[in-house]
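Q: Okay, handing you the structure first.
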Amino acid sequence: MTAIIECRNLTRTFGSIRALDDLSITIPAQASVGLVGPNGAGKTTLFAILCGFLHPGKGSITVLGHKPDSARLKGHIGILPQDIPLMRGISVHAQLFLFARLQNFNKITARQEIDKIIQLVNIGSLIKQFPETLSYGQRKRITLAQALIGKPDLILLDEPTSGLDPVAANDVRNIIQKLRHEHSFIISSHNLDEIKNVCDEVIIIDKGKLVRHSRIDDLIERNNTLSILLEQAAGEPLLQSIKTLPSVVKIITDDTKPNHLTVIFQADKPDQIQFKILGLLQQAGVGIVEFNRGSAFTDRVVELVSKH
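Under the working numbering, the first residue of the sequence shown is numbered 277, with each subsequent residue one higher.
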């Protein structure tokens with residue numbers, strides 16, 4: 277199968293509101309794809325349709341070659357919703373065991389499967405507890421474990437690190453990185469740095485329409501920009517020194533982020549201009565936090581949405 281999701285001219289309305297408007301996308305198998313856009317863009321609606329929770333309306337959509345609500349998808353899709361549906365009064369271990377049994381594991385293989393997932397997600401200290409006694413972040417880790425049972429072909433994650441402390445959020449990102457070549461992932465998130473770090477492709481939607489679907493590397497346009505984050509704002513003399521370099525076209529600054537620079541340049545040998553700018557920063561005694569070729573991913577997404 278070359279495509280894991282095929283969406284053609286999908287339109288979904290709620291009264292007079294078009295949550296999705298003639299949306300067409302194709303997502304290849306074994307891809308990690310970020311789904312991003314502002315609030316009200318249609319992400320939640322599209323996610324609910326992919327999960328089979330919501331009727332698609334007009335147009336067509338297939339997941340693994342079937343309609344999203346098809347019984348044939350049982351065991352082939354893992355879902356981590358933003359809201360965490362766990363049963364009260366039943367231990368974490370019992371819930372995971374029940375879910376594995378519903379995936380057609382027998383009793384022996386169900387125990388083996390959940391033992392493996394418990395170790396992967398690092399929830400061994402939680403398995404005897406009841407969900408209602410756990411924090412939001414702990415419950416989210418349990419739901420992630422549930423989504424991974426059975427090695428599904430496609431895993432849908434809605435805001436997977438929202439509400440997690442930094443250590444737990446990093447653990448979740450590491451799990452996705454570890455599994456991204458074994459499964460297809462669709463990740464809906466407002467955390468654009470997270471999308472950039474764990475996904476190969478990004479789908480940007482706004483007002484229910486497709487803004488851009490591309491590889492993240494292509495979106496960033498690595499060959500003609502430098503994104504520089506400094507420890508403090510660059511003074512005017514330093515900016516003028518950078519502007520006078522022969523290959524520099526312009527410098528973009530933002531009053532709300534005075535320590536961030538985007539340098540646009542034209543050069544056959546981009547490494548040379550990179551070293552020259554680094555030298556000027558060091559001469560000025562300015563500390564460097566980040567220095568990346570390519571415009572900042574967040575800025576690029578905001579730019580595309582603002583032009584839409």
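For glycine and all other residues, C-beta sits at the position ideal for the given N, C-alpha and C.
As an exercise, report each continuous alpha helix (DSSP H) stretch of at least 4 residues that is fully enclosed by the stretch 366-407, in chain order.
A: 368-378 and 383-397
Q: Going straight from the alpha carbon of Ile492 to that of Ser308, what length do you get?
A: 11 Å
Q: Bridge partners for Val539 per DSSP, in chain order?
A: Leu502 and Ile527
Q: Give the DSSP-derived three-state secondary structure of Leu433 in the structure shown.
A: strand
Q: List the whole-angstrom C-beta distance separating Val339 from Ile281, where the pair is believed to meet the contact cut-off of C-beta under 8 Å.
A: 6 Å
Q: Please state if the CB of Val443 and the CB of Ala421 are separated by a distance shorter than 8 Å.
A: no
Q: Go to Arg415, then tell me how far its alpha helix (DSSP H) extends in each direction, as first and last residue.
A: Tyr412 to Leu424
Q: Is it buried or exposed for Pro522, if we count other Cβ within 10 angstroms and need 16 for buried?
A: Exposed, by the Cβ-count rule.
Q: For Arg377, is the classification buried or exposed, using 16 other Cβ atoms within 10 angstroms of its Cβ as the cut-off for buried?
A: exposed
Q: Tell me whether the stretch 532-541 and the stretch 442-461 touch, counting them as touching only if at least three CB pairs, one residue from each stretch, are closer than 8 Å.
A: Touching, no.
Q: So, under 8 Å CB-CB, Arg387 and Phe373 are touching, yes? Tell me the CB distance rounded to an integer number of Å.
A: 7 Å
Q: Can at least three beta-carbon pairs, one atom from the stretch 348-365 and one from the stretch 321-340, be found at a separation below 8 Å?
A: yes
Q: Output the distance between the C-alpha atoms of Thr289 and Leu430, rounded to the nearest integer angstrom.
A: 26 Å
Q: Assess, as a yes-or-no matter, whether the stretch 332-350 is touched by the stretch 480-494 under the definition of 3 or more beta carbon pairs within less than 8 Å.
A: no
Q: Within the chosen definition, does the stretch 555-569 reach the stretch 499-509 through at least 3 CB pairs nearer than 8 Å?
A: A contact is defined here as three or more CB-CB pairs under 8 Å, and the stretch 555-569 meets this definition with respect to the stretch 499-509.
Q: So is Lys416 buried or exposed if we call it buried at 16+ other beta carbons inside 10 Å?
A: buried
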